[in-house]
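Residues 1 to 193 in UniProt numbering are what the sequence shown lists, from first letter to last.
Every residue gets a Cβ at the ideal spot worked out from N, C-alpha and C, and that includes glycine.
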Amino acid sequence: MNFEVRPPRPHEALAWERLRIVSWRKAYAGTFTPEMFAKQEEQLEARATGFAEWLESTDGSGQDAQAQLGQRRRALVAVRPPNHEAFPSPETTRSAAGANLCPDPEIGCLLGLAFASQMPYEVQKLEMLYLLPEAFGTGVAQALMADVLEPGPAELEVLTTNARAIRFYTKEGFTIARTDEFAGRKTYIMTRP
């Protein structure tokens, strides 16, 4: 699959949030209730607005860092490049859930997203890694993770029921360190040395 990894643009914030929900629905269909998904969709516009404002504050880098404090947040997307033979027509830019994932054909179509953070005196955290189902097994996830995380120790949290993600993270060098809980569901905290 032909794609490029780059910082998201403010006008892609709504597509970012829609992709996140499409990915959640695929990964957690039997885990979360329809009401939980509906609540996520109700918050879509507000989350997108906040994310767009943050992106604008990064001057196009998708990253804010205060190196002297050891603090960093970084967002990346994987997109199909414009004019690629696999680029969908405007009629096919909607996912099965009806999400418009191609806000602007000039910049390509979102395939995946990643967000990482690091706070002072803490290990960096992979906060989000979401893909369209069509991007599974294509190298998109590996590319996003490699670019959003700095080399060295890292951690992430994943639901214990998300076997696909657990296999992927294990293959990428993460191991289960402990259990925790998210939204009343058991999670693994996975770490990388």
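Annotation: the continuous beta strand (DSSP E) that includes ASP64 extends over 63-66. A Cβ-Cβ separation of about 6 Å places GLU181 in contact with THR187 under the 8 Å criterion.
MET190 sits in a strand when the DSSP states are folded into three classes.
Here DSSP, grouped into helix, strand and coil, assigns ALA165 to helix. With 16 or more neighbouring CB atoms inside 10 Å of its own CB, ALA48 falls in the buried class.
In the DSSP assignment, PHE32 is bridged to no other residue. Put simply, the region 133-150 touches the region 69-83. At least three CB pairs are less than 8 Å apart. In terms of Cα proximity to ALA15, the closest of LEU44, GLY137, ALA135 and TRP54 is LEU44. By the beta-carbon neighbour count (other beta carbons within 10 angstroms, threshold 16), VAL158 is buried.
Around PRO153, the same chain offers VAL123, GLN124, THR191, ARG192 and PRO193 as residues with beta carbons nearer than 8 Å, after the five sequence neighbours per side are excluded. Taking C-beta separations shorter than 6 Å and ignoring five residues to either side along the sequence, the partners of THR58 in its chain run ASP64, following chain order.
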